[in-house]
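Peer 1: Below: one structure in structure tokens.
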Amino acid sequence: MKSKRKLLIRIIAVAVLIGIAAAMFVVGRGHTVYFDNKDLTAADGTEYKAYYKIEVFVGDKSVAKLSAGDRGMVTTMGQDFSMVLHITPTEGGKKVGSAVKLKLPYDMDGIILNLPALLSGAAEEVYQDEFIPAVVEEESEEAVVTDEFAIPTEE
Amino acid sequence: MSKKTGTTKNEKLGAFLRRGSVPLMFIVLCAACIPIAGLSPSYLANEVVTRMGRNAFLILSLLIPIMAGMGLNFGMTLGAMAGEIGLILVADWQIVGIPGMVLAMIISIPISILLGFFCGKILNMAKGREMITSYIISYFMNGVYQLVVLYLMGSVIPIKHSSIKLPRGYGIRNTVSLLEMRQKLDNLIPLTIGGVKIPVMTFIVIGLMCLVIVWFRRTKLGQDMRAVGQDMAVARDAGINVERTRILSIIISTVLAGFGMVIYLQNMGNIPTYTAHSQIGMFCIAALLVGGASVDKASIGNVFLGVILFHLMFIVAPRAGAAITGDSMIGEYFRVFVSYAVITVALIMYETNKRRAKSAEGERLRQEQLKEEKKA
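As they're listed, the protein sequences go chains A and B. Just so you know, we're using my numbering here: the first sequence kicks off at 8 and counts up by one. Just so you know, we're using my numbering here: the second sequence kicks off at 912 and counts up by one.
Below, the structure is given as structure tokens:
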């Protein structure tokens, strides 16, 4: 009876740990969100024109001030992303505020948001794209140092 | 009577000096080096507080094996390796911040348990030579760690990001960035007092760990460990499963070392993949000994005093060396020399005390035998 109870406690402990780990996977997923204030032509030919200026606030902090053609970025945690945009459509125009809430895709590390398309109410596949870093050919293999005496294992 | 009291006082003073000789020596050295180094008090306080947050948890992990009479657990390196593996995987999965730390700790648990079990089994085969055995095990396991990290990660264990992977397609780079995790625990509750940044949340975690250790000492397992630490034969006669208790103490220490390494590296903000764990055991043990602990006796107080003194030495020695000789490396050499010397002295003192106790016991038995012979 006692051993059964012990086993049950152990199973519960492992299950709790797995549960916490799973929650951390979801809650802690980091993304880099790139904001583009650029002209965009969708596949159907619709054109979205860049605004004169957009200021992006995430969590009450200004993270990017974008003129037309600029790109900004912020790193976030989790899939729920909200930001406030202060948009100046044209030079000397009136600043307009807009709060945006998005669900970020779990499997993307870097997500590009085209703000003009997003603000125009375009479909997700139009304003959202995956950021794929350019592959940089490294000139030489990194010498791995495996001991404190700094003796590399390979040249 | 007064003579007797005087002797007792002298004995007490002698015992206190013997026990406190290492911390006293470090206090004197620090007191001498601080004015020469010329560092501002706020800088020193900042550095000491940061290093205390960074190292205290790791050093606390050493207390339980000492309680179980297994000496200084050089095998804590194994836990550090487990923590690093957890962090590498988490960095590749892009789990950031506190959730990343928690996940890395959870990943390190099964690895630490496995390594701790393995280490404990071997240490049971080498009773009385635990420290040197655990020291060599850490070297052996470092080879296994390198096999996993340098060859299996990326080829067998999936690693996606090229910023972590070596350009050849497998193996992990010399340094893995933890930028998105850097000091997240330390800065969770921001507090600055007199220009000194206090890592409140880290201190809360360390405080909780201290409470757990105090509570653990009073549990059945804790009492068993103390009994095993005092006398294995007596503990066995009392029905305690000595081998199991010793293995458990090493497993707990290894798991805690894994957690400690995650806290340590989140403070640093990067993982020196192949070297981070190699010196960690040595420095933690040196810090504990500097705090006045011995091979068979250590307390939470020793941990904090040790961190303060040892790391104060870390900070002021290079600057003092530079001020005296014009070369900061002299101070650095001196610090390294002192760290290793402290461990050596502690080991010699332990062995000497053990032999002294053994000969005193022999003498006592001889006197008893003589008395019995006289009576007969």
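Glycine residues also receive a C-beta, built at the ideal position from the N, C-alpha and C atoms.
#1: Count the CB pairs spanning the region 111-121 of chain A and the region 68-75 of chain A that are closer than 8 Å, and state whether there are at least three.
#2: Using only CA atoms, which one of B/ILE1211, B/CYS944 and B/VAL1214 lies nearest to B/GLU1228?
#3: What is the rounded straight-line gap between the Cα of A/ALA37 and the Cα of A/PHE64?
#4: Give every residue of the same chain whose Cβ lies closer than 8 Å to the Cβ of B/SER953, excluding the five residues on either side of it in the sequence, and list them in chain order.
#5: Ignore the nearest five residues each way along the sequence and tell me which others in B/ALA1234's own chain have a CB closer than 7 Å to its CB.
#6: Could you tell me the alpha carbon to alpha carbon distance between B/ALA1268 and B/GLU922, rounded to whole angstroms?
#7: Less than 6 Å between C-beta atoms, sequence neighbours within five positions excluded: which residues of the same chain meet that for B/ALA1271?
#8: Once DSSP output is grouped into helix, strand and coil, what is the label at A/LEU47?
#9: Kindly indicate which three-state DSSP category A/SER74 falls into: helix, strand or coil?
#10: Which whole-angstrom value describes the C-beta separation of B/VAL1116 and B/PHE968, a residue pair presumed to lie in contact below a C-beta threshold of 8 Å?
#11: Judging by CA-CA distance, which residue of B/SER1023, B/PRO1021, B/VAL1001 and B/ALA1252 is the nearest neighbour of B/VAL1013?
#12: Relative to the ligand COA, is the shortest distance from any of its heavy atoms to the C-beta of A/GLN86 smaller than 7 Å?
#13: When you compare the CB of A/GLU162 with every CB in chain B, is at least one pair closer than 8 Å?
#14: If I'm right that B/MET1136 touches B/ALA991 with Cβ under 8 Å, what's the distance once you round it to whole angstroms?
#15: For the 8 Å Cβ check, are there 3 or more pairs between the region 981-989 of chain B and the region 1162-1170 of chain B?
#16: Going by other Cβ atoms of all chains shown within 10 Å of its Cβ, with 16 needed for buried, is B/MET912 buried or exposed?
#17: Check whether the region 1188-1205 of chain B touches the region 1015-1035 of chain B, counting contact only when three or more Cβ pairs, one atom from each stretch, lie closer than 8 Å.
#18: Can you tell me whether DSSP reads A/GLY89 as helix, strand or coil?
#19: Report the residues of the region 1034-1057 of chain B with a CB closer than 7 Å to any CB of chain A, ordered along the chain.
#20: Let me know if B/ASP1097 comes out buried or exposed under the rule of 16 or more other beta-carbons within 10 Å of its beta-carbon.
#21: Is there contact here, the region 21-34 of chain A with the region 117-133 of chain A, by at least three beta-carbon pairs under 8 Å?
#22: Hey, how far is the Cα of B/ILE1259 from the Cα of A/ARG12?
#23: Using the rule of at least 16 other Cβ atoms within 10 Å of the residue's Cβ for burial, across every protein chain shown, is B/ASP1148 buried or exposed?
#24: Do B/LEU1199 and B/LEU973 have their CB atoms nearer than 8 Å?
#25: Return helix, strand or coil for A/GLU54, following the three-state DSSP convention.
#26: Could you pull out every residue in the same chain whose Cβ sits closer than 8 Å to the Cβ of B/ILE1109, ignoring the five residues on either side in sequence?
Peer 2: Looking at the atomic coordinates:
#1: With a cut-off of 8 Å, the region 68-75 of chain A and the region 111-121 of chain A do not count as touching, because too few Cβ pairs lie within range.
#2: Before going further, note that residue 1228 of chain B is Ala rather than Glu in the sequence given. Answer by Cα proximity: B/CYS944.
#3: In the sequence on display, residue 37 of chain A carries Gly and not Ala. Rounded to whole angstroms, A/GLY37 to A/PHE64 spans 18 Å at the Cα level.
#4: GLY1105, GLY1106 and VAL1107
#5: In chain order, ILE947, ALA948 and GLY949 place their CB closer than 7 Å to the CB of B/ALA1234, counting only its own chain and leaving out the 5 sequence neighbours on each side.
#6: Distance from the CA atom of B/ALA1268 to the CA atom of B/GLU922, rounded to whole angstroms, is 16 Å.
#7: none
#8: strand
#9: strand
#10: With 8 Å as the limit, B/VAL1116 and B/PHE968 qualify as a contact, their Cβ atoms being about 7 Å apart.
#11: Ranking the options by Cα distance to B/VAL1013, first place goes to B/VAL1001.
#12: The ligand COA is not part of the structure shown, which contains no ligands of any sort.
#13: With a pLDDT of 40 at A/GLU162, under the threshold of 50, the predicted position of this residue should be treated as unreliable, and no value is reported.
#14: For a cut-off of 8 Å, the C-beta gap from B/MET1136 to B/ALA991 is around 22 Å, too long to register as a contact.
#15: Under the Cβ criterion (8 Å, minimum of three pairs), the region 981-989 of chain B counts as touching the region 1162-1170 of chain B.
#16: Any answer about B/MET912 is weak, because its pLDDT of 43 lies below 50 and its placement is not dependable; what the coordinates show is given next. In the assembly as shown, B/MET912 is an exposed residue. Its beta-carbon has fewer than 16 other beta-carbons within 10 Å.
#17: Taking 8 Å as the limit for Cβ pairs, the verdict is that the region 1015-1035 of chain B does not touch the region 1188-1205 of chain B.
#18: Position check: residue 89 of chain A holds Ser in this sequence, whereas Gly was assumed. Here A/SER89 sits in strand by DSSP.
#19: GLN1057
#20: Buried.
#21: No contact exists between the region 21-34 of chain A and the region 117-133 of chain A.
#22: 47 Å
#23: exposed
#24: yes
#25: In the structure shown, A/GLU54 sits in a strand (DSSP, three-state: E or B).
#26: VAL960, LEU1102 and THR1103
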